[in-house]
Every structure is written in C-alpha cells, then in structure tokens.
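Residue 520 in the numbering used here is what sits at position 152 of the sequence shown, and the numbering runs on without skipping anything.
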Amino acid sequence: LRNDVLMVAEVNFLCVHKKLRMEHHDVPVVTCLLRNYMKQFTVAPDFDELDVEHWLLPRENVVNSYLVSSPDDQEITDLCSFYTLPSSIPSSQSHSSLKAAYSYYNVSTKTSLLQLMNDALIVAEKELDVFKALDVMQNEIFLKELKFGPGDGKLHYYFYNYLLKHVLRSSELGVVLL
C-alpha cells in the first residue's frame, strides 16, 4: 500500500487545489499577466482580451489553461497552458489515434516554470498520450530536467514585412503558434 501523504507530496497538490482552470472572468487578469511577460522577448504577439479569450480560454479537446493564485490574496500569479492535436494512426492494429499536447503560453512569476510544467505533465497524462514543447521563450529551463527529447524536425517562422537586426536565439522568440 502506498502512503497517502507521499502520494499528495508527489502530485504536489498544485494540480488539484491551487491550480485553477481558467474561466471567462479571468480573461482581463490573464491578458495583463501575459502582456507583461511577453515584453521581455524580441518578437512576441501583443495579446488583447479578445486574443486571450480566443486562444487561451479552455475548450475541450482544443486548449487547456490553468492559473495559479497566491494563497494570501488570491491574486493570479502564473499561467500554464497547452493545446491538443489528435492524429490518426492508420497502420496500427492496436491504436487508432494519438492525442498530443503541445506546451502553449506559460507565465511564471511566483511558481517556477519547472514546477508549472511538471504539473502540466501530470494534468495532461490523464487524457493525452504525448506532451511536446518548443525550445522558445524560457522553455530551456524545464526541457532537460523533465526529460523532453529533441524533435527530428526544424520549425521556421515566416515574418512577413519584418526587419530583424540579427538572427534570433530561441529564447528571444515569444511566439508559439498563432
């Protein structure tokens, strides 16, 4: 038998009790949080409330967004999100589809990004088969520690009518998918 206290510690309880599924009334606060975070990147979208509502408000089998609030004043301090894409597996006898999660926009101010992503993996594991993340923004912080392996492809962003003074490092890019 497993010790219940140990199980709670392993899951960190953040997934269940402190991390809240984003709701419509959170959109203004999440917009402010995201806009402040994105200022640090050389290239990043400038989200408004309609963008946050469209891209980050949870929709079943499309996008999941979770918020962490301060235990003191319930202020929202962190955001963790991922989107999902199902793929069919036509040549497999045992599995007809693969459900993949992709790390989306994450903001870490009080909770470490490593902890946020560890919790995202725990939440995603319940319904999804694989979790992927790009090496953009600050994702390098958790990729190695959480045992993400490098992909076999290259992703190229096409910026129409943009003038950049130098080739960007992945940590300067605040774009995942738009």
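We put the CB at the ideal spot given by N, CA and C, even for glycine.
These figures come from a predicted structure and were not determined experimentally.
- In summary, V430 is exposed, with fewer than 16 beta-carbon neighbours lying within 10 Å of its beta-carbon over all protein chains present.
- For the pair V475 and L447, the CB atoms are nearer than the 8 Å cut-off.
- Within the DSSP bridge table, the entry for K467 names P454 as partners.
- In the pairwise beta carbon analysis, the region 447-456 is classified as touching the region 466-480: at least three pairs are separated by under 8 Å.
- DSSP places V504 outside any beta strand (DSSP E), giving it a letter other than H or E.
- For Y473 and Y525, the gap between their C-alpha atoms comes out near 17 Å.
- Counting along the chain, Y405 sits inside the alpha helix (DSSP H) bounded by residues V395 to M406.
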